[in-house]
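Contents: one structure, followed by commentary.
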Ligand SMILES: [Ca+2]
Ligand SMILES: [Ca+2]
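Residue numbers (my numbering): 280 to 1001.
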């Protein structure tokens, strides 16, 4: 990045040499330096009646300036406008502080002696409290509980004052969940402690995305948003055939890199990163190749956020996009994509809901099954699996995405298209936060409808992981995409301590819950390796040399392909389904490898042959009819024909014996539009050992009699030389 953004020095004028009107009227007549681009302010809000300090707590024992209070009080009084401390006006804003002409006791009393910046004596006897971004990095807010001052009667007080650098940040439970956040929910729901990205320690170490540009492929980006514009790439948003004003891309962008410490709204995970929007490149998907080409050309871009996915369970291969994705990975561009929100979409297969499993398989685009993609699921604010979040063996991890209040969860608060006419926050909405009428302590918190508090989905979880990736890359720009994947996955946490859930049907697992692999990592198709922990991942990156898994991922993985047809045995005797096979793939080969070496697995892809299965989800057709007659050819039918690969389950077993369900029974798959074989990817084996002489087993189960099920199939193992 050529022109690193200058550390933002956000000025907070909070002390004024004033005449200290004893009546305690308006706290100031001379506000903070005017915003160069003023936003419409809330309707003139009557400054709330000054409230008496609710907790005057006269405490003469407090260590103050050491000066004689009575002497100081005799001098000019100074007004502290603690509206600025909050970053917003609050009731009871007037505090009188006796003169600071001596030793600035005030700054000493803000924790750690000015950790957030410095107080200086400015012109006109004004004291200027300056936040610089570096000093702000570790907290949204801090209770500076030792701020002391004298009242008009020269009585010494101490008062707790919160320092909020982004007024809505305390509601950003996805970044810090203390168990008390509300996100302005009217339902009384709070987040659960620790269901967050755990990013503050990384910030405190100085890593917040500086020097990294994140591409956002989405529907819109509000280039003029007051909380985004300073973090937009100078290269500009690229737009193609999209006039969407839904606000989706603005919300996503804000979660990645909304500006921090600017006294506006929210902040992003990587609030010092830059954003570059690619608007209108998703539909049709073929547009993506132009976006990828430009992303490859823009050498500042190191992360690509993809909060999109198609609900149609079909596959259409794209060798062009596949190649471009390969190139991006090799050049160090981290690709983060949503697992999608179709968990509850049964595609007509009623058995799924009744068994608490999903009938949707989130492996429909090249991006979903690319080995370098970081596929992200979502957790609700209580740490549970979000009701919509797709499960799949291709997930790498999860992040907070919220859920609906009917699922006892908060949504995520983020930016919206500016103004009360566009986006999700509009005058026309009934929710008071969205329509701008919400007040707290007499303050309109969203008067300009520039923020929304109901953003939910893997669309919300994904940008949080993109932000986390940018944080890691700002820690060490030399990281490979494989190291970023590993650092995030290897440090992810189980998001809740709920009892492990599994589901069985007809003698087989259709959902396994958490499974420990032989490298010691726990994986679940619903959570990947768990909830992303940004600070732990940043620590991992810092210590990469001392972690063998991290160290070997400085290179590109070797792609091993089984070099002979599988040997399949009938195992249907062990299950209650019509058929069961175990097909073993051996004799792995790669372009260049050492047969005597041991490798560290990244992931495994199973390519199902073009023949093998037929099924249907048409409820008017019985199972016997599906299964009747058949060589079970792989269907290439349309959705309307309701032909689908539903009645087959496919598991893969690593050389270490770890099993993972790649295609659950009943997960619907309508075939591929272009007749290409189904490809399934599993991340469950990350870090396990692999030798070219090892074997990988694929299990197939079906309610229909399968015939020669893996004909033409193959297995690919990607692994790093140890
Ligand atoms: Ca902000
Ligand atoms: Ca709006």
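No residue lacks a Cβ here, since even glycine has one placed at the ideal position from N, Cα and C.
Are there any heavy atoms of ligand 2 lying less than 8 angstroms away from the beta-carbon of residue 451, as far as the coordinates show?
It does not: the Cβ of residue 451 is nowhere closer than 8 angstroms to a heavy atom of ligand 2.
Would residue 511 and residue 555 be called neighbours here (beta carbons separated by less than 9 angstroms)?
Yes. Within cutoff.
Can you check DSSP and say which residues form a bridge with residue 1084?
Beyond the ends of the chain as shown, which are 280 and 1001, falls residue 1084; an answer cannot be given.
Between the Cα of residue 517 and those of 496, 534, 583, 474, spot the shortest distance and give me the residue it belongs to.
Per the Cα distances, 496.
Enumerate in chain order the residues of its own chain whose CB-to-CB distance from residue 568 is below 7 angstroms, with the five nearest sequence positions on each side excluded.
The answer, listed in chain order, is 599, 600, 603.
Is residue 681 near residue 735, with beta carbons less than 9 angstroms apart?
For residue 681 and residue 735, yes; Cβs fall inside 9 angstroms.
Going by DSSP in three states, residue 767 sits in which element: helix, strand or coil?
Three-state result, residue 767: helix.
Counting beta carbon pairs with one atom in the stretch 547-561 and one in the stretch 702-721, are three or more of them shorter than 8 angstroms?
No, they do not touch.
Is residue 942 buried or exposed, if buried means 16 or more other CB atoms sit within 10 Å of its CB?
Residue 942 comes out buried.
As a quick check of your reading: which residues have a C-beta less than 6 angstroms from at least one non-hydrogen atom of ligand 1, in chain order?
Residues flagged by the Cβ proximity filter: 445, 506, 537, 538, 539, 541, 543, 544, 545, 546.
Would the stretch 481-488 and the stretch 458-472 be scored as touching if the rule is three or more Cβ pairs under 8 angstroms?
Cβ pair count under 8 angstroms is below three, so no.
If you reduce the DSSP assignment to three classes, tell me which class residue 484 lands in.
Three-state DSSP puts residue 484 in coil, outside helix and strand.
Where do the N-terminal and C-terminal ends of the beta strand (DSSP E) with residue 724 fall, by residue?
First-last for residue 724: undefined, no H or E at that position.
According to the neighbour-count rule (16 or more other Cβ atoms, all chains shown, within 10 Å of its Cβ), is residue 992 buried or exposed?
Flag for residue 992 reads buried.
Could you check whether the Cβ of residue 700 sits closer than 8 angstroms to any heavy atom belonging to ligand 2?
The answer is yes for residue 700.
Counting Cβ pairs, one atom from each stretch, are 3 or more of them under 8 angstroms apart for the stretch 692-710 and the stretch 664-680?
At 8 angstroms Cβ cutoff, the stretches do not touch.
Would you grab the beta carbon distance between residue 523 and residue 617 for me? Rounded to a whole angstrom, and I think it's under 8 angstroms.
About 17 angstroms separates the two Cβ atoms, so there is no contact after all.
For residue 642 and residue 592, I'd like the C-alpha separation in whole angstroms.
For residue 642 and residue 592, the distance between alpha carbons rounds to 8 angstroms.
Excluding the 5 residues preceding and the 5 following residue 869 in the sequence, name in chain order all residues of the same chain whose CB lies nearer than 8 angstroms to its CB.
The answer, listed in chain order, is 837, 838, 839, 840, 971.
What did DSSP end up calling residue 669 once you bin it into helix, strand or coil?
Of the three classes helix, strand and coil, the one that applies to residue 669 here is coil, per DSSP.
May I ask you to report which of helix, strand or coil DSSP gives residue 700?
Coil at residue 700, not helix or strand.
Taking DSSP as the reference, what is the three-state secondary structure of residue 758?
Coil, per DSSP.
Let me know the secondary structure DSSP gives residue 859 once reduced to three states.
Residue state, collapsed to three classes: strand.
Among all the DSSP beta bridges, which residues are the ones paired with residue 636?
Looking at the DSSP assignment, residue 636 forms no beta bridge with any residue, so it has no partner.
Kindly confirm or deny that the stretch 649-664 and the stretch 782-796 touch, where touching means at least three C-beta pairs closer than 8 angstroms.
As far as the Cβ criterion goes, the stretch 649-664 does not touch the stretch 782-796, which means the pair count is below three.
Could you tell me the alpha carbon to alpha carbon distance between residue 996 and residue 975, rounded to whole angstroms?
Looking at the two C-alpha atoms, the distance is approximately 9 angstroms.
Out of 526, 805, 753, 883, which has the shortest C-alpha to C-alpha gap to residue 504?
Ranking the options by Cα distance to residue 504, first place goes to 526.
Can you tell me whether residue 498 is buried or exposed, with buried defined as 16 or more other CB within 10 angstroms of its CB?
Counting Cβ neighbours within 10 Å, residue 498 comes out buried, since at least 16 surround it.
Output needed for residue 863: all residues of its chain with C-beta closer than 7 angstroms, excluding positions within five of it in sequence on either side, in chain order.
845, 846, 974, 976.
May I ask you to report which of helix, strand or coil DSSP gives residue 542?
DSSP places residue 542 in coil when its eight states are reduced to three.
Per DSSP, which one or two residues make a beta bridge with residue 492?
BP columns for residue 492 point to 553, 580.
Which residue wins for smallest C-alpha separation from residue 668, given the options 691, 639, 692?
Checking every option, the nearest Cα to that of residue 668 belongs to 639.
Do residue 474 and residue 658 have their C-beta atoms closer together than 9 angstroms?
Taking 9 angstroms as the Cβ cut-off, residue 474 and residue 658 qualify as a contacting pair.
Rounding to the nearest angstrom, what Cα-Cα distance links residue 720 and residue 696 in this structure?
C-alpha separation (whole angstroms): 25 angstroms.
So is residue 746 buried or exposed if we call it buried at 16+ other beta carbons inside 10 Å?
Classification of residue 746: buried, given that the 10 Å Cβ count is 16 or more.
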